[in-house]
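Q:
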Amino acid sequence: MSFEIQKWKAEAHENAAKTVANMLQHPDSLDKVEQWRRRYMRNKASAEARLKTAVQSQLDGVRTGLHQLHGALQDIKEIKKRSFKLFTARYKLISLILFLQQISKACEHLNLIFTVPDSVKKTEALINEGKLLLAHKWIVLNILILSTVVKCSLSDLEATRDELLLEVHKMAQEEEGPKPDKTVTSHLRLTLYTITSVKKSFNIHVSSTHRADKRAEEKKTNMGFSVPGRPKKWRDKAFKVLEESVSNRFESLDMELQDRMDDKMWLVKHLERTRKLVLDDLIVVKNLCQVCFPPSYDIFDRYIKMYHKALSVMLERFVLEERLDSNECISLLTWIKEYKGTDLMMHPELQIDVGFLGPLLSPKVEQELLDTYLTTTKNNMMEWMARLAETDLQDWNRDAPPETDMDGFYNTSLPVFLFKMIDQNLQVAAKAGEEIKLQILDICLESMQGFQREYRGQIRTFKSKHFEDRMQPVRFVEYIVAIVNNCKACMDFTDQLKERLVAELGRATFGEDKQRSFKSVVDCFAQIGEESAGYLLDEAFLDLEPFFSQIMTPTWIPSPEAVDTIIVTIEDYYNDFLHLKDKFFDNLMEQALKKVLLEYVRAMLNKRITFKDYEGRRDAAKKITEESKKIEKLFKKLAKANLQPETQCSVLSTLAEVIKLRDTSMMALEISGIANKYPDFKSDHALVLLLMRGDLTRTEARQLIMETPLEGRQDTPADDPAAFFTQIIVPPSVLDKLETLKETMMKKK
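Sequential numbering of the sequence shown, starting at 2, is according to this note's numbering.
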């Protein structure tokens, strides 16, 4: 501690020295030294005064606390002393109370002896008249009076009998008392059985009988005297009858159970009847029965346990004995969840906390029910999706065009029905709890992936059959457009479903796994849509193939027919492509432009043509440039602004420059420019271009290529977005043919 104080002092001195040094940096500051000293002295005095005041207030508080603690100690000692005197007086009072009770009991016994005949007659009259049952017709006050009268009569009669028999026992005389009154027992049993109708019980009488049973047991234990007919155990009999009455209530429900073949809603109706019965009975018990039983009976809790047990037996029987379908399983799971809610146990008139009750279903039975529900739901979804795909396939073969939405896009009903079914299953599962909803979501995603595989296979089969006979089906293009739009709709529905579930469940509960599953579903629909859109291009280019084959032939240069026909055909197909949704339309037009250019360049590089002179090369290059502008103009008109066809069409004019170049010494530079612009442009492509010119031998062309970056260039993957020339393979036969044509022309010259 002293070390720390010294450390603090040193720091204080150091800080003070720095402060003084900062203040005395200028000569004129010396005049203010005395002023600063007085100010710091005043601050120091003020701080010391505040410190002394704080310490003094703390000391005063401690002093006051010590005085109070001392006073409390004295009070505790005084209380302890007086409590001891109180307990001593209490023990004396207990002995006096017991003595007075014995005297009072002796007086009552004398009274009972003289009133035995009247008590017997009165009791027999009440029992024979059966007023315990007739009491239901009177108001609550009449019932209480009747119960009190019966209780008093029976109690007086039994007390008299017990006292007389005790005296006989002391005189060593053996005499059996009368048998228990079976009539009273039957009346009480009937009263218990009709508990929900009578609304009142035999509280006082059963309680007095129970106390009499205890007294009889004590006499047997202490004196060896066994009172005839005791113990009656009416309390146990009453509880047994109550349990039987609850069982009978549920048996009456089973009698109303309808055949599941006649009514698909049989289980829902039965569960609703059960809910109403249990609710009504428990309200009666809470409001009318509790006042009729001693608090020690806990009659309301006992009734709750009895109904809970009976419900458990009934529900487990349904799970184990009935072959429940998906809807019935979810109805049962939902009812079990709502059992603890405001519709039953937490009803405003009950407010029962079911925490002390066990689950309605045992873990094994509950798991079996859940497995049944999940399995049947999965099977139903897979079967339903298969039927949905089959129905959509039938629509594709119709002669009528597909439906259009408000924006003019072709579509079918598949996406709406598909996601409506998924949404309904999730909403139904949500009624049974969040955990079950997540499990159903997993099943939906798994079923969706299976549906995607089947849907893709059906589309491929549909395409293959059409390309075998292009006359069938008549509406192939329109329905392929509808299929592509369906994929876009499914992508949108999937994203919307994911966002809604994330909002409902929370991102943490939703989890990264489901995020990835949803992304996989969306990506798969995108792939199916792109693949199907590719079939549209395949269809169009089957019509264009004969016209691409005319390019770079001797008849091609003087006639514009080939490219003009290609343009007209694309415009015709464009009228169908307009019914595609934006995402796939933009991609399709981009792919169409790329494929037109590919086929054009492929026609340039794969044809057996060699120009004889510069004029021929110049005319061909001019023709290529003109047609490049036509293609560029076409796609500017058809596609969106972001396509930029002038950039892609520049490949034709670039190749045309190589063909028409007069100065061969600049050829290596021109080829190098193409190589730098197109990374997948290889030596084979350059060799065909050079040999096509007709003024270079194969050896010269190869020597020229060696002067460019093409030598030793690595192949570019075909799936690279920037790949263009990679998709154009130059057959060796073309090179050989070009070389042969070159040699023939050289010989003729």
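For each residue, glycine too, the CB sits at the ideal point set by N, CA and C.
1. Between which residues of its own chain and Ile104 is the CB-CB distance below 8 Å, once the five residues before and five after are set aside?
2. Take the Cβ of His68 as the centre, count every other Cβ of all protein chains shown within 10 Å, and call the residue buried at 16 or more, exposed below.
3. Candidates Ala433, Leu427, Gln450 and Asp696: which alpha carbon is nearest Leu442's?
4. Count the C-beta pairs between the segment 484-504 and the segment 545-554 that are closer than 8 Å, then say yes if the count reaches three, no if not.
5. Hey, would you say Tyr574 sits closer than 8 Å to Ala541, going by beta carbons?
6. Just the C-alpha distance for Gln1 and Leu52, rounded to the nearest angstrom, thanks.
7. Could you give the distance in angstroms between the alpha-carbon of Lys19 and the alpha-carbon of Glu49?
8. Does the contact criterion of 3 or more C-beta pairs under 8 Å hold for the segment 298-309 versus the segment 282-289?
9. Using the Cβ count rule (16 or more neighbours within 10 Å means buried), how would you classify Arg324?
10. Tell me which same chain residues have a C-beta within less than 6 Å of the C-beta of Leu639, skipping the five on either side of it?
11. Under 7 Å Cβ to Cβ from Leu389, same chain only, skipping five residues before and after it: list those, please.
12. Provide the residue(s) that pair with Tyr411 in DSSP beta bridges, ordered along the chain.
13. Taking the alpha helix (DSSP H) that Glu436 falls in, what are its first and last residues?
14. Which residue from Pro229, Phe526, Trp235 and Thr222 puts its Cα closest to that of Arg212?
15. CA-CA distance, Ile529 and Lys489?
16. Note the first and the last residue of the continuous alpha helix (DSSP H) segment covering Trp557.
17. If you reduce the DSSP assignment to three classes, tell me which class Ala18 lands in.
18. Tell me whether the segment 472-480 and the segment 507-526 touch, counting them as touching only if at least three CB pairs, one residue from each stretch, are closer than 8 Å.
19. Please report the Cβ distance between Asp587 and Lys641, rounded to the nearest whole angstrom; I am assuming they are in contact, meaning their Cβ atoms lie under 8 Å.
20. Are the segment 598-611 and the segment 645-655 touching by the rule of at least three beta carbon pairs closer than 8 Å?
21. Exposed or buried, Arg618, counting other C-beta atoms within 10 Å across all chains shown (16 or more means buried)?
22. Compare the Cα-Cα distances from Glu531 to each of Ala433, Leu74, Phe519 and Asp583 and report the closest residue.
23. Is it true that the CB of Lys596 sits closer than 8 Å to the CB of Leu538?
24. Within the same chain, show all residues whose beta-carbon is closer than 7 Å to that of Thr373, passing over the 5 residues directly before and after it, in chain order.
25. So what does DSSP say about Gln645, is it helix, strand or coil?
26. Express the C-alpha separation of Ser684 and Ile660 in angstroms, rounding to a whole number.
27. Classify Val286 as helix, strand or coil using the three-state DSSP reduction.
28. For Thr405, collect the residues of the same chain with a Cβ closer than 8 Å to its Cβ; drop the 5 residues on either side in sequence, then sort them by chain order.
29. Here's the rule I'm using: 16 or more other beta-carbon atoms within 10 Å means buried, otherwise exposed. How should Val478 be labelled?
30. How about Val485 and Phe585: do their beta carbons lie closer than 8 Å?
31. Is the beta carbon of Leu334 closer than 8 Å to that of Phe319?
32. For Ala640, which three-state DSSP category applies?
33. Taking Ile610 as part of the alpha helix (DSSP H), name the residues at either end of that continuous run.
34. Measuring only the C-alpha atoms, how far is Val429 from Ile423?
35. Can you tell me where the alpha helix (DSSP H) with Glu350 in it begins and where it stops?
A: For this structure:
1. None.
2. Here His68 is exposed: its Cβ has fewer than 16 other Cβ atoms, across all protein chains shown, within 10 Å.
3. Ranking the options by Cα distance to Leu442, first place goes to Leu427.
4. Taking 8 Å as the limit for Cβ pairs, the verdict is that the segment 545-554 does not touch the segment 484-504.
5. For Tyr574 and Ala541, yes; Cβs fall inside 8 Å.
6. Since the first residue of the chain shown is 2 and the last is 750, residue 1 is not available in this structure.
7. When only Cα atoms are considered, Lys19 and Glu49 end up about 23 Å apart.
8. Verdict: yes, contact present.
9. The residue is exposed, with fewer than 16 neighbouring Cβ atoms inside 10 Å.
10. Cβ within range, chain order: Tyr575.
11. Cβ within range, chain order: Leu415, Phe418 and Leu419.
12. Bridge partners of Tyr411: Thr405.
13. Per DSSP, Glu436 belongs to the alpha helix (DSSP H) from Glu435 to Glu469.
14. Residue Trp235 is the option with its Cα nearest to Arg212.
15. Computed Cα separation, rounded: 10 Å.
16. Element bounds for Trp557: n/a, residue is neither H nor E.
17. When DSSP states are grouped into helix, strand and coil, Ala18 belongs to the helix group.
18. Short answer: they don't touch.
19. The C-beta separation of Asp587 from Lys641 comes to about 6 Å, placing the pair in contact by the 8 Å criterion.
20. Yes, the segment 598-611 touches the segment 645-655.
21. Buried, by the Cβ-count rule.
22. When only C-alpha atoms are compared, the closest one is Asp583.
23. In contact: Leu538 and Lys596 (Cβ atoms closer than 8 Å).
24. Correct list, in chain order: Leu325 and Cys330.
25. Correct three-state label for Gln645: coil.
26. Going by the C-alpha atoms only, they are around 16 Å apart.
27. It is helical.
28. Cβ neighbours of Thr405 beyond the five flanking positions: Tyr411, Asn412 and His580.
29. Its Cβ being crowded by 16 or more others within 10 Å, Val478 is buried.
30. Yes. Within cutoff.
31. No, the pair does not count as a contact, with Cβ atoms beyond the cut-off.
32. Ala640 sits in coil when the DSSP states are folded into three classes, being neither helix nor strand.
33. If you look at Ile610, you'll find it isn't in any alpha helix (DSSP H); DSSP assigns it neither H nor E.
34. Distance between the alpha carbons of Val429 and Ile423: 10 Å.
35. In the DSSP assignment, Glu350 falls outside any alpha helix (DSSP H), carrying neither H nor E.
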